[in-house]
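Here the sequence shown is numbered in our numbering, starting from 3 and rising by one per residue.
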Amino acid sequence: MNAAMNALDGFPPTRAEALRRIADVQPAAYARSRNALDGAVSRLSPYISHGLVSLPEVLAGVAAQDALTPTHKFVFELGWRAYFQHVWSHRGDAILHSLHPGLLPEAAYDTELPADVREARTGVPVIDQAVRTLYATGLLHNHARMWLASYLVHLRKVHWRSGADWLFAHLLDGDLASNHLSWQWVAGTGSQRPYLFNADNVARYAPPAWHSPGSVIDQSYEALSDIARSPLAVPPGLSAAGLAPPGLASAPGSHLATTPPCSADVAGRDIWLLHPWALGDPPADLPTELPDGTLVLGLLVADFHQARPWSDLRWTFVGERMAALSTRCWWGAAPAIAEALRAARSVQTVANRHIDGWLPATVPRRKPPQLFTQIDTCCPSFSQWWRRVMRGVHHCQDLPGWTAAPALHPPAHNTENPP
3 MNAAMNALDG FPPTRAEALR RIADVQPAAY ARSRNALDGA VSRLSPYISH
53 GLVSLPEVLA GVAAQDALTP THKFVFELGW RAYFQHVWSH RGDAILHSLH
103 PGLLPEAAYD TELPADVREA RTGVPVIDQA VRTLYATGLL HNHARMWLAS
153 YLVHLRKVHW RSGADWLFAH LLDGDLASNH LSWQWVAGTG SQRPYLFNAD
203 NVARYAPPAW HSPGSVIDQS YEALSDIARS PLAVPPGLSA AGLAPPGLAS
253 APGSHLATTP PCSADVAGRD IWLLHPWALG DPPADLPTEL PDGTLVLGLL
303 VADFHQARPW SDLRWTFVGE RMAALSTRCW WGAAPAIAEA LRAARSVQTV
353 ANRHIDGWLP ATVPRRKPPQ LFTQIDTCCP SFSQWWRRVM RGVHHCQDLP
403 GWTAAPALHP PAHNTENPP
């Protein structure tokens, strides 16, 4: 646990830290260098994935520092996150399966992740560095995620779903829509063509330690395309030096004091449910009629986490934030949670597809703030979706979710620990 807390020194799980990062975004530098591993990226994704800040807040905060046009690269990348949510809203669990055929039949891909990949000993520096970075920090630059996915799917013939599930388990910002649909984009099952990369691409965007001359990726794109279309996988790595993958847990550790769902905890109370994807400050308009006001209750649904274990890093990030905001935290199965909540006077939470199916249908869900127009039919490509949501948008203020910039410093009544 101490190792996880130390690794989170660069990612304090507070809204104040999220707002500080928004204020520090340099749009011009971002547009110029975002593809480089040492580029001026925002590193906001854990805060967005866990609901500490919303896309409208991010855009408004950045635009308050520098004027942005709707065609700016920063706005474009916010669009990708919203597009993946759009697809998930229409396709549901279908995003967990290939949306259309890829280069090879499904049976041509292995469902087991090779040990040399898990242990960062493939002998291909870019892959081993990516895995080591993932384990150490819980994050990977988007370019590194694409390289890792492309290597696994197209060279090692690992099914994209196996790779996506593995990465999701270790990512601090893991989001089923963004993660799994990105893997499908690389695999070619969610895009018009697969994504391939070679050693020259790595040398252009990564530090020297990642460069991979003489390795299996040090080939032309034509040669790599032939490998991707062949059912034969490249041989496993021969590097003897590796590391033990960090463990995954299906339940929170002792750093988050949880109790089983209990009717007596909530009997006759107004309840605001916190969950791992709704870790923003509780809204200001919660009921105050009762003497004790609204009870802020943390909620961890065992059904979800037993199916999708998390790294210690992510449990620590979520646990610290939830403990800072909630009076108590429940850990239990969905039926027990539903039964206990029946004793409450009222219950509210924020909608999120990771958890919606595990909550009682009777619990009202507030829609999270949306930056872009909500499209009623599923757009099969980002470009089609982008054209539709940007129709008539000439300034960022024309976006339907445009909002005033958030205060870029914590309010005086904030009780969180400082970063």
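Cβ coordinates follow ideal geometry from the N, Cα and C atoms, glycine included. Here the structure is a predicted model, which means the values were calculated and not measured.
What are the complete alpha helix (DSSP H) segments, minimum 4 residues, inside the segment 77–152?
Complete alpha helix (DSSP H) runs here, min 4: 117–120, 127–139, 144–152.
Where does I273 fall in DSSP's three states?
In this structure, I273 counts as strand in the three-state DSSP scheme.
Does DSSP put N419 in a helix, in a strand, or in coil?
Per-residue confidence for N419 stands at a pLDDT of 34, beneath the threshold of 50, marking its modelled position as unreliable; no derived number is given.
Measure the CB-CB distance between Y32 and F78 and report whether it falls below 8 Å.
The answer is no: Cβ separation not under 8 Å.
Would you kindly work out how many angstroms separate the C-alpha atoms of L426 and Q131, rounded to a whole number?
This structure leaves residue 426 out entirely; the chain is present only between 3 and 421.
Less than 6 Å between C-beta atoms, sequence neighbours within five positions excluded: which residues of the same chain meet that for G12?
Closer than 6 Å at Cβ, skipping near neighbours: no residue.
CA-CA distance, H411 and D287?
Confidence is the limiting factor: at H411 the pLDDT is only 43, short of 50, which leaves the residue's position unreliable and the question unanswerable from this model.
For Q194, count neighbouring C-beta atoms within 10 Å of its own C-beta (all shown protein chains included) and say buried if the count is 16 or more, exposed if not.
The residue is exposed, with fewer than 16 neighbouring Cβ atoms inside 10 Å.
Taking three-plus beta-carbon pairs below 8 Å as touching, is the segment 129–146 in contact with the segment 108–117?
Because the criterion of three Cβ pairs below 8 Å is not met, the segment 129–146 and the segment 108–117 do not touch.
Which residue wins for smallest C-alpha separation from E291, given the options I273, H307, F306?
Closest by alpha carbon: I273.
Which one or two residues does DSSP pair with T296 in a beta bridge?
Partner(s): D272.
According to DSSP, what are the bridge partners of S422?
The question about residue 422 has no answer here: the residues shown for the chain are numbered 3 through 421.
With a CB to CB cut of under 8 Å and the five nearest residues on each side skipped, what residues in its chain are close to E341?
Closer than 8 Å at the Cβ level, and outside the excluded window around E341, lie P263, S265.
Would you list, in sequence order, the uninterrupted beta strand (DSSP E) runs of no fewer than 3 residues that lie entirely inside the segment 222–296?
Counting whole runs of 3 or more residues, the segment 222–296 contains the beta strand (DSSP E) stretches 272–276.
Could you give the distance in angstroms between the alpha-carbon of L401 and the alpha-carbon of A353?
Rounded to whole angstroms, L401 to A353 spans 21 Å at the Cα level.
Can you list, in chain order, the residues of its chain whose CB lies under 6 Å from that of F170, leaving out five sequence neighbours each side?
Answer for F170: G176, N181, listed in chain order.
By the 10 Å Cβ neighbour count, where 16 or more other Cβ atoms means buried, how is R17 classified, buried or exposed?
Buried is the call here.
Output the boundary residues of the beta strand (DSSP E) element that contains A332.
Sequence check: residue 332 is Trp here, not Ala. Taken as a continuous stretch (DSSP letters only), the beta strand (DSSP E) holding W332 covers 330–334.
Which two residues bound the contiguous alpha helix (DSSP H) that contains W317?
314–327 is the span of the alpha helix (DSSP H), which, as asked, contains W317.
Excluding five sequence neighbours on each side, which residues of the same chain lie with their C-beta closer than 7 Å to the C-beta of Q28?
A42, listed in sequence order.
What would DSSP say about L173, mapped onto helix, strand or coil?
In this structure, L173 counts as coil in the three-state DSSP scheme.
Note down the Cα distance separating I229 from A235, rounded to an integer number of angstroms.
Straight-line Cα distance between these residues: approximately 8 Å.
Take the Cβ of E19 as the centre, count every other Cβ of all protein chains shown within 10 Å, and call the residue buried at 16 or more, exposed below.
When all chains shown are included, E19 counts as buried.
DSSP three-state label for V303, please.
Looking at V303 - three-state DSSP - the assignment turns out to be strand.
Near S241, which residues of its chain fall below 6 Å by C-beta distance, leaving aside the five closest residues on each side in sequence?
Here the set comprises R123, G125.
Count the other C-beta atoms from every protein chain shown that fall within 10 angstroms of the C-beta of K369, then say buried if there are 16 or more, exposed otherwise.
Exposed, by the Cβ-count rule.
Any idea which residues DSSP pairs R389 with across the strands?
R389 is not bridged to any residue.
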